[in-house]
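In the numbering used here, the protein residues as written are 122 to 199.
Quick look at the structure:
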């Protein structure tokens, strides 16, 4: 469940960064089959938060998000 929520956050960041989300979408689609509604709701909140946070103009935060996208988020790509 934690990985599913993390992957959803990564998708939100990637969407705002105009990055390719195909691998994340496939991973999330496959993993969503066994998730409860509570987890799906938390994942949706995490994705929205990632999307909002990625719209920042703060250079330090943008760098941190870029590192997150190129680091931990890579675990959810094929």
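All C-beta atoms, glycine included, are put in the ideal place defined by N, C-alpha and C.
- A direct Cα-Cα distance of roughly 20 Å separates residue 180 from residue 193.
- Annotated as proximal: residue 164 and residue 129, with beta-carbon spacing under 7 Å.
- The beta carbon of residue 136 lies closer than 7 Å to those of 142 and 172 in the same chain, with the five residues before and after it left out.
- Around the beta-carbon of residue 132, 16 or more other beta-carbon atoms lie within 10 Å, marking it buried.
- A straight-line Cα-Cα distance of about 7 Å links residue 138 and residue 175.
- Judged by their CB atoms, residue 160 and residue 124 are not nearer to each other than the 7 Å cut-off.
- The beta carbons of residue 134 and residue 167 sit no closer together than 7 Å.
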